[in-house]
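Trainee: These protein sequence lines are chains H and X, in that order.
With this note's numbering as the guide, the letters of the first sequence map in order to residues 32 to 236.
With this note's numbering as the guide, the letters of the second sequence map in order to residues 18 to 429.
Note that the Cβ used here is the ideal one computed from N, Cα and C, for glycine as well.
Okay, here's the structure, questions in a sec.
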Amino acid sequence: MSHELNPAVPPLPEGEKKPVAEKPVAAAAAKPAANSEGPVPMPWTSPLAEKYRNRYGSGVEALTYLGQNYLVVDRSLIPDILRLLRDEEQFDYCVDITAVHYPKREKQFDVIWNLYSYARNERMRVKTQIADGASIPSSVSIWATANWLEREAFDMFGIRFDGHPDLKRILLPEDWKGHPLRKDYGILQQDQEWVQINLGIESGQ
Amino acid sequence: MTMTVPAQGHSAKDRPKDEMKETPNEVPNRDLSHSDSHLDLDTPEKPYLDANELIINMGPQHPATHGVLRVILKLDGEKVLGTECVIGYLHRGVEKIGENRTYAMFNPYVDRMDYVSAVSNGLGYCEAVEKLLDVEAPARAKYIRVILAELNRMASHQLWLGTHALDIGAMTPLFYTFRDREEILKIFEKYCGARLTTHAFRIGGCQYETYAGFEKEVKNFLKFVAPKIDEYEELLTTNRIWLQRTKNVGVISAADCVALGVTGPVLRASGKKWDLRKAQPYAAYSEFDFEVPTGENGDTYDRYLVRMAEMRQSLRIIEQAVNGIPEGPIMAKVPKVIKPPVGEIYHSIEAPKGELGFFIVSDGSIQPYRVRVRPPSFVNLQALDLMVRGLLVADVIAVIGTIDIVLGEVDR
């Protein structure tokens, strides 16, 4: 979907570029064999990871990749685990909330919380997968900063956060159609439409 | 740009009800049950809006909002009851662009987010991709990066100081800071040809070797600028008007900063000693000796003091770096076509405005599958509402200035 825009992309060493969403990253944990060239996510062993694995069993998977730790958790555990991470593990600073779209997967979205603990000087991420149209509990009551970050994730991906005080678009106009950071949101089509409607000419793109 | 909600006049609520009905200018009592009016017809005696309440648009073309920020203010007279930021006027989809460019091609785009500290943006992005590739820039490149990034922090703080003081009514600092910032931009221009959107670094190191006389010029600049910082302080630090406009204005506690994810000088001014250059050192910062200045009260004045002290610390870092700059290559061995393995990485740096993070997901192709920018300005701006409640309209200007936002980064 990106090649038309990129005449200057250097040719790949081995033939055609694969369609973008073929290798979902979160699934790399499940099938590490797919990644032959680089490092693979390894199980993350730490008291914290042990604790949550014991408490929640298969709902939590603790992994580490390039020295960065993350938990892949089941969607149903989301508000509980986030709250516990803040209260028990001192992850008091929510750095970022974002999402990644994998259109070919059954559960299309990875929602990612990027956390930092001032007391431990440690970072970790929490990931969960949700289907298109499914919603996820808001974490505004856990970290106030989640307000705008969740609004942005909603704006860009259309992910609904239940319990958010004012879930509306933040960067795009209210009447905007679609969610731009979804992989099926074509930028060429968007450009042509806009130029046609607003300028009445054919787009040069 | 003033928009008032049609109130019933000053004394509407004092007047008896039947007298109001006879007023010829009164809106006739229509049946609005089928329209989408929000007027509450069941309790007509309740004023639609308190006569003293006023909704005002500040921006998006207001010069004191430093760009295209629109703040809807709810006022009671001059007092701010609440605000809502309307952002996105400068949104150009940087993250979407990132997914449609190769890793190297996206590099210049990050310069255009926080366009007054382009070097920091480039540093954050390049280091994130390097982490993903598992390569490390050579020592010489790291030193050059630190020198340029700290010069850029100076430039960013100088621009902040000049415009912030101008907003509050002091015009002179603007001329002083812009005069001195020019010297930094000249160094940038000589180094890489650009003054603002520098694109100074490459994934794996630096593209350019330093020019002849670079070190001497940087040292001269340090000598030149140290007394200038005193000069700015002479103008402001004990200035009565400055004190009255900034002391106890826009106070935010450290706990609120943490809850709101606020970082950078705003966090430090409220007393939390946290700087990524110390907490999780990147580039060559672990090799230098410098302090992390903090404030106590978390008000606009403390944030001013913290940034002034930070400028001096930047000078210290630059001095150590330029004296100890090692010989050697400036580029690590990176493939011509950058193709990181499948995986994801988060890397963040202490940009002049706070924690600037890049979260990159690679699917093993030449283009990032997802680039997420964690912009400090965007997150810090969220604290505006908390900081200005109960203050006067003029203080809103001071607080917007003191958070130090760049709309190019807020909107991306």
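#1: Kindly indicate which three-state DSSP category GLY115 (chain X) falls into: helix, strand or coil?
#2: Tell me, please, which residues DSSP counts as bridged to TRP144 (chain H).
#3: Using the Cα positions of LYS350 (chain X) and VAL152 (chain X), report the straight-line distance between them to the nearest angstrom.
#4: What is the rounded straight-line gap between the Cα of GLU45 (chain H) and the Cα of VAL354 (chain X)?
#5: Taking TYR295 (chain X) as the reference, give the member of X:PHE376, X:SER137, X:GLU367 with the closest Cα.
#6: Could you list the residues in the stretch 153-186 of chain H with a C-beta less than 9 Å from some C-beta on chain X, going in chain order?
#7: Quick check on DSSP: helix, strand or coil for ASP193 (chain H)?
#8: State buried or exposed for ALA243 (chain X), treating a residue as buried only when at least 16 other CB atoms are found within 10 Å of its CB.
#9: Rounded C-beta distance between ILE414 (chain X) and ASP184 (chain X)? I'm assuming under 8 Å.
#10: State buried or exposed for ALA39 (chain H), treating a residue as buried only when at least 16 other CB atoms are found within 10 Å of its CB.
#11: Is the beta carbon of ILE114 (chain X) less than 7 Å from the beta carbon of GLU101 (chain X)?
#12: Does the beta-carbon of PRO204 (chain H) have 16 or more other beta-carbons within 10 angstroms, so that it is buried, or is it exposed?
#13: Along the chain, where does the alpha helix (DSSP H) that runs through GLN175 (chain X) open and close?
#14: Tell me, please, which residues DSSP counts as bridged to HIS364 (chain X).
#15: Within the 7 Å Cβ cut-off, does HIS108 (chain X) reach chain H?
#16: Between the C-alpha atoms of VAL131 (chain H) and SER77 (chain H), what's the straight-line distance to the nearest angstrom?
#17: Using a Cβ-Cβ distance cut-off of 7 Å, determine whether PRO358 (chain X) contacts chain H.
#18: Taking Cβ-Cβ distances shorter than 7 Å, what residues in chain X pair up with THR129 (chain H)?
#19: So, ASP402 (chain X) versus VAL266 (chain X), is the Cβ gap smaller than 7 Å?
#20: Give the list of continuous alpha helix (DSSP H) stretches no shorter than 4 residues that lie fully inside the stretch 370-424 of chain X.
#21: How close, in whole Å, do the beta carbons of ARG200 (chain H) and ASP186 (chain H) come, if the pair is a contact with beta carbons under 8 Å?
#22: I need the straight-line Cα distance from LEU219 (chain H) to LYS208 (chain H), nearest angstrom please.
#23: Residues of the stretch 151-182 of chain X with a CB closer than 8 Å to any CB of chain H: list them in chain order, please.
#24: Tell me, please, whether the CB atom of LEU212 (chain H) is closer than 7 Å to any CB atom in chain X?
#25: Measure the C-alpha to C-alpha separation of LEU79 (chain H) and LEU277 (chain X) and round it to an integer number of angstroms.
#26: Answer yes if the stretch 121-129 of chain H comes into contact with the stretch 358-374 of chain X, meaning at least three C-beta pairs across the two stretches below 8 Å, and no otherwise.
#27: Buried or exposed for THR119 (chain X), going by 16 or more other Cβ atoms inside 10 Å?
#28: By Cβ distance below 8 Å, which residues in the same chain neighbour PRO125 (chain X) in space, the five residues on each side in sequence not counted?
#29: DSSP beta-bridge partners for TYR96 (chain H)?
#30: When you compare each of X:VAL136, X:GLY179, X:ASN117 to GLY217 (chain H) by their alpha carbons, which one comes out closest?
#31: Which parts of the stretch 178-226 of chain H are runs of the beta strand (DSSP E), unbroken and 3 residues or longer, counting only runs that do not cross its ends?
#32: Using the beta-carbon of each residue, which ones in chain X are nearer than 8 Å to PRO70 (chain H)?
#33: Could you work out which residue in X:VAL136, X:HIS174, X:LEU373, X:ALA271 is closest to ASP421 (chain X) when comparing CA atoms only?
#34: Could you name the residues of the stretch 267-289 of chain X whose beta carbon sits closer than 7 Å to any beta carbon of chain H, in the order they occur along the chain?
#35: For the alpha helix (DSSP H) that contains GLY141 (chain X), what are its first and last residues?
#36: Can you grab the Cα-Cα spacing for the pair LEU239 (chain X) / LEU332 (chain X), in whole Å?
Mentor: Let me spell this out:
#1: Working through the second sequence from its first residue, we reach residue 115 (chain X) at position 98. GLY115 (chain X): helix per DSSP, three-state reduction.
#2: Here residue 144 (chain H) refers to the residue found at position 113 when the first sequence is read from its first residue. TRP144 (chain H) is bridged to H:ILE128, H:VAL157.
#3: Walking along the second sequence from the start, residue 350 (chain X) turns up at place 333. Walking along the second sequence from the start, residue 152 (chain X) turns up at place 135. Cα to Cα, LYS350 (chain X) sits roughly 8 Å from VAL152 (chain X).
#4: The residue given as residue 45 (chain H) occupies position 14 in the first sequence. The residue given as residue 354 (chain X) occupies position 337 in the second sequence. Here GLU45 (chain H) scores only 44 on pLDDT, less than 50, and its place in the model should not be relied on; the value that follows carries that caveat. Distance between the alpha carbons of GLU45 (chain H) and VAL354 (chain X): 12 Å.
#5: Within the second sequence, residue 295 (chain X) is the residue found at index 278, counting from 1. Position check: residue 295 (chain X) holds Lys in this sequence, whereas Tyr was assumed. LYS295 (chain X) has its Cα closest to that of X:GLU367, out of X:PHE376, X:SER137, X:GLU367.
#6: ARG154, ARG156, TRP174, ALA175, THR176, ALA177, ASN178, TRP179, LEU180, GLU183, ASP186
#7: As a first step, residue 193 (chain H) is located in the first sequence; it is residue number 162 there, counting from the start. Of the three classes helix, strand and coil, the one that applies to ASP193 (chain H) here is strand, per DSSP.
#8: As a working mapping, residue 243 (chain X) is identified with position 226 in the second sequence. By the 10 Å Cβ count, ALA243 (chain X) comes out exposed.
#9: Within the second sequence, the letter at position 397 stands for residue 414 (chain X). Within the second sequence, the letter at position 167 stands for residue 184 (chain X). 5 Å between Cβ atoms; contact.
#10: As a first step, residue 39 (chain H) must be located in the first sequence, where it is residue number 8. A caution first: ALA39 (chain H) carries a pLDDT of 44, below 50, which makes its placement in the model unreliable, though a value can still be read off. Per the 10 Å Cβ criterion, exposed.
#11: By 1-based counting over the second sequence, the position of residue 114 (chain X) is 97. By 1-based counting over the second sequence, the position of residue 101 (chain X) is 84. No, the pair does not count as a contact, with Cβ atoms beyond the cut-off.
#12: One-based indexing of the first sequence puts residue 204 (chain H) at position 173. By the 10 Å Cβ count, PRO204 (chain H) comes out exposed.
#13: Against the second sequence, residue 175 (chain X) aligns to sequence position 158. Unbroken alpha helix (DSSP H) run through GLN175 (chain X): 156-185.
#14: By 1-based counting over the second sequence, the position of residue 364 (chain X) is 347. The partner list for HIS364 (chain X) (beta bridge, DSSP) reads X:PHE375.
#15: For the purposes of this step, residue 108 (chain X) is taken as residue 91 along the second sequence, with counting starting at 1. True, the Cβ-Cβ gap to chain H drops below 7 Å.
#16: For the purposes of this step, residue 131 (chain H) is identified with residue 100 of the first sequence, where counting begins at 1. For the purposes of this step, residue 77 (chain H) is identified with residue 46 of the first sequence, where counting begins at 1. Between VAL131 (chain H) and SER77 (chain H), the C-alpha separation is close to 27 Å.
#17: The residue labelled residue 358 (chain X) in the question sits at position 341 within the second sequence. Closer than 7 Å: yes.
#18: The residue you call residue 129 (chain H) lines up with position 98 of the first sequence. Near THR129 (chain H) (Cβ distances below 7 Å), the residues of chain X are PHE376, ARG389.
#19: Taking the second sequence and counting its residues from 1, the one referred to as residue 402 (chain X) is at position 385. Taking the second sequence and counting its residues from 1, the one referred to as residue 266 (chain X) is at position 249. Their beta carbons are not under 7 Å apart, which means ASP402 (chain X) does not touch VAL266 (chain X) by this criterion.
#20: 393-398, 401-405, 410-420
#21: Translated into the one-based positions of the first sequence, residue 200 (chain H) becomes position 169. Translated into the one-based positions of the first sequence, residue 186 (chain H) becomes position 155. Going by Cβ atoms, the distance from ARG200 (chain H) to ASP186 (chain H) rounds to 4 Å, so yes, they are a contact pair.
#22: As a working note, residue 219 (chain H) is residue 188 in the first sequence. As a working note, residue 208 (chain H) is residue 177 in the first sequence. LEU219 (chain H) and LYS208 (chain H): Cα-Cα distance of roughly 15 Å.
#23: ASP151
#24: Here residue 212 (chain H) is taken as the residue at index 181 of the first sequence, counted from 1. Chain X contact via Cβ: present.
#25: Counted from its first residue, the first sequence places residue 79 (chain H) at position 48. Counted from its first residue, the second sequence places residue 277 (chain X) at position 260. Approximately 25 Å between the Cα atoms of the pair.
#26: yes
#27: As a working note, residue 119 (chain X) is residue 102 in the second sequence. It counts as buried.
#28: The residue labelled residue 125 (chain X) in the question sits at position 108 within the second sequence. Contacts found: THR214, HIS216.
#29: Mapped onto the first sequence, residue 96 (chain H) falls at position 65. DSSP, once it has assigned bridges, lists H:GLN99 as partnering TYR96 (chain H).
#30: Locating residue 217 (chain H) in the first sequence gives position 186, counting from the first residue. Of the candidates X:VAL136, X:GLY179, X:ASN117, the one whose C-alpha sits nearest the C-alpha of GLY217 (chain H) is X:ASN117.
#31: 191-193
#32: Looking up residue 70 (chain H) in the first sequence gives position 39. Within 8 Å Cβ-Cβ: ASP151, PRO358, GLY360.
#33: Numbered from 1 along the second sequence, position 404 holds the residue referred to as residue 421 (chain X). Taking only the C-alpha atoms, the option nearest ASP421 (chain X) is X:HIS174.
#34: VAL275, ALA276, LEU277, GLY278
#35: Within the second sequence, numbered from 1, the residue matching residue 141 (chain X) stands at position 124. 135-150 is the span of the alpha helix (DSSP H), which, as asked, contains GLY141 (chain X).
#36: Within the second sequence, numbered from 1, the residue matching residue 239 (chain X) stands at position 222. Within the second sequence, numbered from 1, the residue matching residue 332 (chain X) stands at position 315. So the two alpha carbons sit approximately 6 Å from each other.
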